[in-house]
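In terms of this note's numbering, the sequence shown opens at residue 839 and continues consecutively. Structure record follows, encoded as structure tokens.
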Amino acid sequence: MKKFVFIVTAIMLCLTFALAACGKTGGNGGNRGNDGSGETAATETLTFSQNEERTGYIVTGDTGQTANIVIPAEYEGKPVVAIADSAFAYSKHKPDIVSVTIPDSVTEIGKNAFYARIDDLINVNIGTDSKLKTIGNNAFSGCRALTSVYIPEGVEKIGDSAFNNCGSLNTITVAAGNAHYSGAGNCLIDIETNTLIRGCNKSVIPGTVQKIGVAAFRRATMTTLTIPKSVTSIEKYAISDSAITKIVYYGASGEWDTLIKSSSKYWNMGNENVEIVCADAQTSNILVAYFSATGNTEKVAGYIAQATRGTLYEIVPQVPYTQEDLNYNDSTTRATEEQRDPNARPAISGSVENMKDYDVIFLGYPIWHSQAPKIIYTFLESYNFSGKTIIPFCTSASSPMGGSASNLHKLTNGAVWQAGMRFSATVQQSNVFTWLNGLEY
Ligand SMILES: Cc1cc2nc3c(=O)[nH]c(=O)nc-3n(C[C@H](O)[C@H](O)[C@H](O)COP(=O)(O)O)c2cc1C
839 MKKFVFIVTA IMLCLTFALA ACGKTGGNGG NRGNDGSGET AATETLTFSQ NEERTGYIVT
899 GDTGQTANIV IPAEYEGKPV VAIADSAFAY SKHKPDIVSV TIPDSVTEIG KNAFYARIDD
959 LINVNIGTDS KLKTIGNNAF SGCRALTSVY IPEGVEKIGD SAFNNCGSLN TITVAAGNAH
1019 YSGAGNCLID IETNTLIRGC NKSVIPGTVQ KIGVAAFRRA TMTTLTIPKS VTSIEKYAIS
1079 DSAITKIVYY GASGEWDTLI KSSSKYWNMG NENVEIVCAD AQTSNILVAY FSATGNTEKV
1139 AGYIAQATRG TLYEIVPQVP YTQEDLNYND STTRATEEQR DPNARPAISG SVENMKDYDV
1199 IFLGYPIWHS QAPKIIYTFL ESYNFSGKTI IPFCTSASSP MGGSASNLHK LTNGAVWQAG
1259 MRFSATVQQS NVFTWLNGLE Y
């Protein structure tokens, strides 16, 4: 990063107003600023230098002992546009930094800017209106306490090892409109190369990722990592120094061997004893059972099965529904009549083999007249669900899940029901993955 010649010590009580002008920044325990209140005063002991063009200022460090650093949006009447290389690196700034609030005006975070803040830096607050474009090499490398990452829409370049060793990360969010990076499945993904640059403890690797990048899960604290079949290469240190003791690979063992031969031999350095369970050697205790008349619920069921490696089971009506049957504006059509009749139990074609082998059942259905279709009632009355966990999900045009799931719950008293989720008919895979990430089962 280019710096201009002089450095001035910032002694300025007047900077509070500048933060107020900077838009939606400000910590809330997470890393995505959202209140825009400007209540947090800028840190007074920051140091600045002018950029080469003399159009703005670069933060170069802090002469104080500040734990919660708030960078102002403006300094001496000009915008603060960058954080200098190594500005808050451990070697330069010894006292603990617990949080840093970066104003929307900053377009560049320099290399090593927060390098090796090993135990202290927990929150980096970046607003949704941030103009950030570049995150330099090693910018947050070694920030092992950092819990979340937010990449705004305009970020074009994330340097090598920017989040290396950030093992406490639990969420990774990328603004929806970012053209270069995606946060699908709580992973930081380079869209052009389909490379997972950085994962976190709640990552569900999407089935589009081809490469697991250098040190992507280094120092992660989760114990199991699931790798989809789309992955063809795993780079060095991918799981090094992590708590990962088991890898579940969606492909066959032969494919795993080929994958690993084509990849860095150091991918598991330090974790050489990791257990690999390939699809051909694995049985799943998860069933994804669904009924779908027009394909919307089926799509969501597919995402869930992909992420959980559950077994898909379609609840197929013995007598298929015609388009006319589904006309919900007509009170005499089959679906409408079934929904009105408390005793209707449309017959199902086929059955689940070995229901006893499944402990967790994702149960999917479309909302029909604010309830689950009666064929779901037939399904639930056909098996013993005692002791199993049932996680309902539904799709609808606009209705919420409402009482549909609690009415189903009454049919399976011995089962443990989770709250479940309603999705719109056009839901994206990443939204489904985000929901799955938050579940415990
Ligand atoms: C008979 C019938 C009744 C429906 N009732 C509702 C409703 O009460 N509220 C709603 O938001 N959508 C309703 N819908 C729309 C569906 O819930 C929605 O299109 C759903 O995503 C369809 O899922 P599928 O493609 O898996 O069948 C109804 C659709 C049908 C066919």
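Beta carbons: idealized from backbone N, C-alpha and C, even for Gly.
The alpha-carbon of residue 1262 is positioned some 21 Å away from that of residue 1228. Under the three-pair Cβ rule at 8 Å, the stretch 981 to 990 does not count as touching the stretch 1234 to 1242. Using a cutoff of 7 Å, the CB of residue 1134 counts as near ligand 1, since one of the ligand's heavy atoms is closer than that. Unbroken beta strand (DSSP E) runs of no fewer than 3 residues, entirely contained in the stretch 991 to 1061, are found at 1009 to 1012, 1026 to 1028 and 1033 to 1036, following chain order. Within the same chain, and ignoring the five residues on either side of residue 1136 in sequence, the residues whose Cβ sits closer than 6 Å to its Cβ are 1130. Judged by beta-carbon spacing, residue 1253 lies within the 8 Å limit of residue 1223, meaning their Cβ atoms are closer than that value. For residue 1032 and residue 1068, the gap between their C-alpha atoms comes out near 10 Å.
The beta carbon of residue 994 sits closer than 6 Å to the beta carbons of 971 and 1018 from its chain, once the five residues preceding and following it are set aside; these are given in chain order. Sequence-distant Cβ neighbours of residue 923 in its own chain, meaning closer than 8 Å and more than five residues away, are 839, 948, 949, 950, 951 and 974. Exposure of residue 1187 is indicated by the presence of fewer than 16 other C-beta atoms within 10 angstroms of its C-beta.
DSSP places residue 1194 within a helical segment (H, G or I) once states are collapsed to three. DSSP lists 1206 as the beta-bridge partner residues of residue 1209. Nearest in C-alpha terms to residue 1070, of all of 1085, 1095 and 1054, is 1095.
Taken through DSSP and simplified to helix, strand or coil, residue 944 comes out as coil.
Taken from the Cβ of residue 1160, every heavy atom of ligand 1 lies 7 Å or farther away. Ranking 1159, 940 and 927 by CA distance to the CA of residue 878 puts 940 first.
With a cut-off of 8 Å on Cβ pairs, the stretch 1142 to 1153 is not in contact with the stretch 1163 to 1179, counting fewer than three such pairs.
Boundaries of the alpha helix (DSSP H) harbouring residue 1246: 1242 to 1247, taken from the DSSP string.
Distances between the C-beta of residue 1207 and the heavy atoms of ligand 1 include at least one below 7 Å.
For residue 1204, the distance from the CB to the nearest heavy atom of ligand 1 is below 7 Å. Of the candidates 1139, 1163, 942 and 979, the residue whose Cα lies closest to the Cα of residue 1203 is 1139.
Rounded to the nearest whole angstrom, the CA to CA distance from residue 1211 to residue 1149 is 22 Å. With fewer than 16 other Cβ atoms inside 10 Å of its own Cβ, residue 892 counts as exposed. The residues 1042, 1271 and 1274, in chain order, have a CB closer than 7 Å to that of residue 1145 in the same chain once the five nearest residues on each side in sequence are set aside. Under the DSSP definition of a beta bridge, residue 900 partners with 884.
Per DSSP, residue 1175 lies in no beta strand (DSSP E); the unbroken alpha helix (DSSP H) holding it starts and ends at 1172 to 1178. For residue 1166, the shortest separation between its Cβ and any heavy atom of ligand 1 lies below 7 Å.
Under the Cβ criterion (8 Å, minimum of three pairs), the stretch 1160 to 1174 does not count as touching the stretch 1071 to 1085.
Beyond the five residues adjoining it in sequence on each side, residue 1205 comes within less than 6 Å, by CB distance, of 1232, 1234 and 1237 in the same chain, given in chain order. Taking each of 1057, 1267, 898 and 1088 in turn and checking the Cα distance to residue 1106, the smallest one comes out for 1057.
The closest heavy atom of ligand 1 lies less than 7 Å from the beta carbon of residue 1236. A direct Cα-to-Cα measurement between residue 1259 and residue 1247 gives close to 15 Å. Ranking 1114, 1077, 1108 and 1079 by CA distance to the CA of residue 1092 puts 1114 first. Shown here for residue 1147: same chain residues with a beta carbon closer than 8 Å to its own, the five before and five after excluded, namely 1064, 1086, 1088, 1117, 1120, 1122 and 1124 in chain order.
When DSSP states are grouped into helix, strand and coil, residue 1113 belongs to the strand group.
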